[in-house]
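As structure tokens, the structure follows; a few thoughts come after it.
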Amino acid sequence: MKAAPFDHHAPETVAEAAALLAEFGDEAKVLAGGQSLLPLLSLRLTRFEHLVDVHRVVELHGITRTDDALRIGAATLQAEAEHDAVVAGAVPLLARALPHIGHFQIRNRGTVGGSLAHADPASELPTVALTLGATFEAASVRGTREIAADDFFTGTWSTALAEDEILVGTRFPVWAGRTGYGFAEVARRHGDFALAGVAAAVALDADDRITRVAVGMLGVGATPVRVGAAEAALVGTVPDGAALAEAARAGMAALDPADDLHATAAYRRRVGAHLMETALGAAIEEARRG
Amino acid sequence: MSAPAAGRYVGQAIQRKEDPRLLTGHGRYVDDIVVPRMLHAAFVRSDLPSARITAIDVSAALGLEGVSAVFTGADLNPGAGTMQPSMMAENPAAVVAPLTPLAADDVRFVGDPVAIVIAESRALAEDAAELVVVDYEPRDAVASMEAALADGAPLVHPELGGNVASDLALPEDPELEAIFASAAHVVTERLVQHRHTPTPMETRGVVASFDPVTDQLEVWLSTQGPHEARRTFARVSGLPEGHVHVRMGDVGGGFGQKFFTPREEQTVVLAAKRLGAPVKWIEDRRENLLAANHARSDVATVSLALDADGHVLAAKLDHLEEAGAWPVGGTGGVGPFVAMLFPGPYRIPRIWWRSRVVWTNTAGRGAYRGPWMFESVAREQMLDVAARATGIDPLELRRRNVVGDDEQPYTMATGMTFSATTSATTLEHAARVIGYDDFRAEQARARAEGRLLGLGIGLYIEPTSTPAATLGVEAATVRVESGGGVTVFLGTAAHGQSIETTMAQVVAEHLGVAYEDVRVVQGDTDRTPFGGGTGGSRTAVIAGNASREAALKVREMVVGVAAHLLEAAPEDLEVHDGVVSVRGTPVRNVSLAAVAAAVHNAGTGLPPDVPRLLEATGRYQTSSPTWSNACHICTVEVDRITGQVEILRYVVSEDCGRMLNPMVVEGQVHGGVVQGIGGVLYEHFVYDEAGNPLTTTFLDYLLPTAAESPRIEIDHVVTDGPNPEGVKGMGEGGAIGSVPAVVNAVADALAQVGATVTEQPITPVRVVEALEAVGA
Amino acid sequence: MAEHHIRCTVNGQARRGIVESRTTLADFLREGLGLTGTHLACEHGVCGACTVTVDGRAIRSCLMLAVQAEGATVTTVEGLAGADGTLSPVQQAFMDAHGLQCGFCTPGFVMSVTAFLEANPDPTDAEIREGISGNLCRCTGYQGIVEAVRLAATRRRAAEVGA
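Residue numbers (our numbering), protein chains in the order written: chain E, 652 to 941; chain F, 458 to 1233; chain L, 29 to 191.
Structure below.
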């Protein structure tokens, strides 16, 4: 099980990386941590003539916090983000989701940007990014641009990044006030891709009324999805258990999960609604304590 | 019945001789072998389940720089000998599919090897394999037994005229029908056990080197049986056995998959012989999942008739076994074994059975830890079905039907006779350790809270060291070296079973030397006596007693020489820790080193009646199986929302006779149990209806991890086995009892809300569907 | 087909080699450097048998290219025991607790557990099971391995108290 031949390139700046992508077009692929790309290459399920390896690009590494956003450089290791106090303080939902990615050996090599750009619909970071409305920073020889999370995930393993673009960093909004977060998923085994999962964030006013709520799901569509119906049912309310269950039911009803080898669509609906209730309940509980 | 005392070494949890090298990366597995001029092989495999090959174009592949050869069936099949294992090759009545080194005229499952590419590196060989163009005319395939048995179904092997490989049944039995007609209770279920694959962590692999000058074939192999491999390679290549030398180093697990010598390894040998250059083939994981032998895949309709008190009166078993396209080993033999063993440890006075083996366009079935274990799955599930139908507690129902420890030898209605087992005792022990009555109370409390707990029992007897063909015999040679060290040469060879350790314990014990001074040599056909290989839970009984006999023979030689040196009568001497001394006068002694020096030094001038040799071979032959037994009980909680099953506690009470090394015994139990659990809850090799495999990576074929595995509590019942060493064998049992225990526990949990599950694997989806079917 | 000259430090020694772009670190260690203790059991990043540490982090060497190890410090299972063969505390615990049978997955487990205990010196049983869940074993049912990790952790803490 050996990959087909390719050329490895190791640029040291974003500009060099972008130039390589511009030169090789669809024959090139960005290699970040490689934890998804290398298995696909070894299994010969995909192939590229050129890999543009960005792990030596210093400007792609690092975590910075401003008042209203947390920026994570694309080549930052998942393990670094997982154990970073700034991340945990600014965007607790990220800290909750990160340990669910594979196993620690994977997170020791996998990058935040790599996972986002790979855009697996059952993976955690894209779901968190979509749920919180993150902003993606892309660069190419044509210049730089920002892409909103709502526009970023265009399909299974596909994003709004153009062939010649590289993901440079991602800014996650920092929620202020009485906020709480929940993340829950069900997988066949520990560390497997989730059959279904939920990321939830809420903000409450002084009377425990929900002023802001974001719910995202993984494993129930071709991309990570925002569950607008659940959000709409909850915002402006002080939900009890029954209202949460109803919001989860309404949220799930608006989605269209698929059958695959490991679970049926019906199973995903059942478990998805339950996970949504669990994650939202945990988020609200946390916000009320805060 | 007695509980034998542990010896100085036998019975002790001694640390393993294997461990230091394996822990430091100094083990030597087949992929670690490098020989000069070695080339690397990759197979071109069919991506269709059934098709006629219309053309193969290898020119582009041959044109790639660094490619030495591309062989197809046209190159390697002519002149190849039979590829069947000895027990089939030497049995004229065996039904075998027409296996050739490479598929030539047609392909019969996805993964069928069509060509072998040989190149400077594995990566290059894979590059070239992609360039081999095979034109196919696709045919309809049968990917399940149901499809294969349908009227007008396409034939997997047209030469054989049908998709049923064998169909054996007892004659119709009116008396049995009368019992069923008048019984107080009759229960019938259709039970399904799905397709697994053994998945040793080390895939298969071989390095083959042929010297055309000396006509000598050298093979390094990942195998469970080097001597069987040598015979197989000799048959397929046409070389005399003496021209074939097979070596195995460390082997990373087999679980049956490496017991016989599979097709690809034989094909690599033929390619190396033809090429005259050493060739290495290391199977990759996708190939292993796709094309190495699969296992299980059984369906049975089972009926039990019981009287009003829950005594089983009679049973009917209609069993289907899926063979795949190219089964490895004794297909047509496993099915009847399932039927013959179906009564297990219970009094089932009358039985009727039918056993059919069915070809399908899928990977071939082969041995896997307890190949016939579906008998326990079927029987133990049916006893729980009967318990629910009669309202008798499942533990109590088993108590009423189990054959008592003092009622043996006992002959089953199928004609199998077992003896010296302790099923009734292990049943009580396991129930006591799990806290049976307390659990039932806890289960009721949980039920009141809306939670579903369950308990399952798996009680079985395991025929170990079954004497099929060459498998009833092992030999061991023990030699005292010139410096006094001891070497043991074993015909069998380990792939994880700690044989270097346990056989050294046996020899140290009976020869009277220190364990540290004993070295075990295995896995080399030029150095070791013939042996059947490690499998069938046969090593402790057969190799253990052979080693014991060899050690005792050498001890007698040592004593004979020492008697001369000490001027004492042999019967007055004892041997401990490598020192021979006069009983009661320990200062009169001579070391084993001095004894060895006396024998090896011509100047010593031993008189004619004193042994001149410190080497002997022990040979142990068995003519009937030895029986070991165990009771597995586990408790589970079923998540009513997600359908996930959590194992709460897992208890094994087992009797494998005298334990050579309790640490090793427990390790075997742990591993077997988790394999069984994995099979019930996670592992499933899936084909779609067209015959395309869907689980060819470890992302889809789900092995259990530590996070899914329970802590296992073991209770040992130790009674003497019917052989000099007192052992009973036990390697496979963990994987037998665990399956019914887990299945029954889940069924017990679901039964509280009226839900049922009779089909494996028990996935979260299946559990949820069972709950939803009854509105729970 | 691009080839690269690479230099890295492996088990404390400066090593170099010539690799294809596509050569994984695992294949370079095994074939380029003859360090065959690192095993390949899936080559697609699931089983953990090929685990080594790179710059102190445990990673799967089948999911890293050899060329990416340029300048890195790599430790393999061959680098754990003392020069005289003295087993590392984790290796010794595996031996004492029967944490291995066929031994094929063992190097990956030993490397993962060594790194795991560095990060979590006093794990609960549940943390141990989660911590080793990225490594597959087919022989032991994990029980001996869990015992070994617990034993190694206990000894490690005792050694620190004693030091």
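Every residue, glycine too, gets a C-beta built ideally from N, C-alpha and C.
Predicted, not measured: the structure shown is a model, and the values here were computed from it.
- In the structure shown, the three-state DSSP call for E/V878 is coil.
- Going by DSSP, E/V922 is part of no beta strand (DSSP E) but of the alpha helix (DSSP H) stretching over A916 to R940.
- L/M92 is positioned such that its CB atom lies no closer than 9 Å to that of E/R796.
- The Cβ neighbour count for F/G1100, taken over all protein chains shown within 10 Å, is at least 16; the residue is labelled buried.
- The beta-bridge partner set that DSSP reports for E/K680 consists of E/L702.
- Note on geometry: alpha-carbon atoms of E/A838 and E/R722 lie some 29 Å from one another.
- Contact between L/V177 and L/M139 does not hold, since the beta-carbon distance rounds to 13 Å and is not under 8 Å.
- Nearest in C-alpha terms to F/V842, of all of F/L1207, F/S503 and F/G536, is F/L1207.
- Put simply, the CB of F/V571 is far from chain E, with every gap to its CB atoms at 9 Å or more.
- Remark: C-beta atoms of E/L688 and L/H72 do not approach each other more closely than 9 Å.
- Distance between F/E1028 and F/T958, taken at the CA atoms: about 30 Å.
- Residues A771, K773, R807, I808 and W809 of the same chain have their beta carbon placed closer than 8 Å to that of F/L633, with the five preceding and five following residues left out of the count.
- Residue pairing by DSSP leaves E/W826 without any beta bridge partner.
- Here DSSP, grouped into helix, strand and coil, assigns E/N759 to coil.
- Closest in alpha carbon position to F/Y972, among F/T1042, F/E1165 and F/V963, is F/V963.
- Interface flag for L/Q171 against chain E is unset, since no Cβ pair is found closer than 9 Å.
- The Cβ atoms of F/S1080 and F/G929 sit closer than 9 Å to each other.
- Distance from the CA atom of E/D858 to the CA atom of F/E837, rounded to whole angstroms, is 59 Å.
- The DSSP-derived three-state label of F/S880 is helix.
- Contact between L/C36 and L/V102 holds, since their C-beta atoms are separated by about 6 Å, short of 8 Å.
- The beta carbon of F/H768 lies closer than 7 Å to those of R857 and N858 in the same chain, with the five residues before and after it left out.
- Taking each of F/R1005, F/V1122 and F/Q541 in turn and checking the Cα distance to F/N1180, the smallest one comes out for F/R1005.
- For E/F657, the residues of chain L that pass the 7 Å Cβ criterion are S49 and R50, in the order they occur in the chain.
- No residue range can be given for F/E938, since it is assigned to no beta strand (DSSP E) and is classified by DSSP as neither H nor E.
- In the DSSP assignment, F/H702 falls outside any alpha helix (DSSP H) and within the unbroken beta strand (DSSP E) covering V701 to R704.
- At least one CB atom of chain E sits nearer than 9 Å to the CB of L/R88.
- Excluding sequence positions up to five before and after F/A626, its CB lies within less than 6 Å of the CB of R811, all in the same chain and listed in chain order.
- Scanning F/R1097, F/S760 and F/A1019 for the CA closest to the CA of F/R1045 turns up F/A1019.
- E/G831 carries a strand assignment under DSSP once its states are collapsed to helix, strand and coil.
- The residues A1204, L1207 and A1227, in chain order, have a CB closer than 8 Å to that of F/T1213 in the same chain once the five nearest residues on each side in sequence are set aside.
- Straight through space, the alpha carbons of F/A961 and L/Q120 are spaced by roughly 21 Å.
- Here the C-alpha atom of L/C75 lies approximately 16 Å from the C-alpha atom of F/S1166.
- Under the three-pair Cβ rule at 8 Å, the region 889–899 of chain E counts as touching the region 918–932 of chain E.
- For the pair L/G40 and E/P690, the Cα-to-Cα distance works out to about 29 Å.
- Under a 10 Å Cβ-count criterion, F/E966 is classified as buried, with 16 or more other Cβ atoms of the shown protein chains found around its own Cβ.
- Under the rule that a run must span 3 or more residues, the beta strand (DSSP E) segments found entirely inside the region 1102–1177 of chain F read 1102–1112 and 1169–1173.
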